[in-house]
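Structure (structure tokens):
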């Protein structure tokens, strides 16, 4: 009986934070951030233990100097910010979401996007 009680208690402590996050659960409004700043934002959803996510972050780091003042890059760790990942329905990582300066989502890419493709997409969406 004690074992059942402690198991239920443990389950309760594990579920409550998730329920609270879901209740608050809108997460960060990235489109509103882009609109408030008046320039495009690219959100990079991933984790620091995912090899493709690490590679994506390295590619983005290379582009930050080139795009400085034109595009904001934001990394969202899905394990630490579940609410924002939930808001944008992130199912696989890495995922990139491109927002224009008015906060509208223009494009979403799931998987590793290489440097050339990323530059081409920024140009195609007229974000540079």
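Numbering (my numbering), first residue to last: 7 to 134. Glycine included, each C-beta is placed from N, C-alpha and C at the ideal position.
### Extent of the continuous beta strand (DSSP E) run through residue 188
Outside the shown range of the chain (7 to 134) lies residue 188, about which nothing can therefore be said.
### Query
Smallest Cα separation from residue 69: which of 57, 50, 124?
Out of 57, 50, 124, 124 has the C-alpha closest to the C-alpha of residue 69.
### Task
Determine the extent of the beta strand (DSSP E) in which residue 112 is found, giving its start and end residues.
Following the DSSP letters along the chain, one finds residue 112 inside the beta strand (DSSP E) bounded by residues 111–116.
### Query
Where does residue 56 sit, in a helix, a strand or coil, going by DSSP?
In the three-state reduction of the DSSP assignment, residue 56 falls in the coil class, being assigned neither a helical nor a strand state.
### Message
At the level of alpha carbons, what is the spacing between residue 27 and residue 88?
### Response
In this prediction, residue 27 has a pLDDT of 46, which is less than 50 and means its spatial position is unreliable; nothing more can be read from the coordinates.
#### Entry: Per-residue DSSP class, three states only, for residue 80
Note: residue 80 maps to strand in three-state DSSP.
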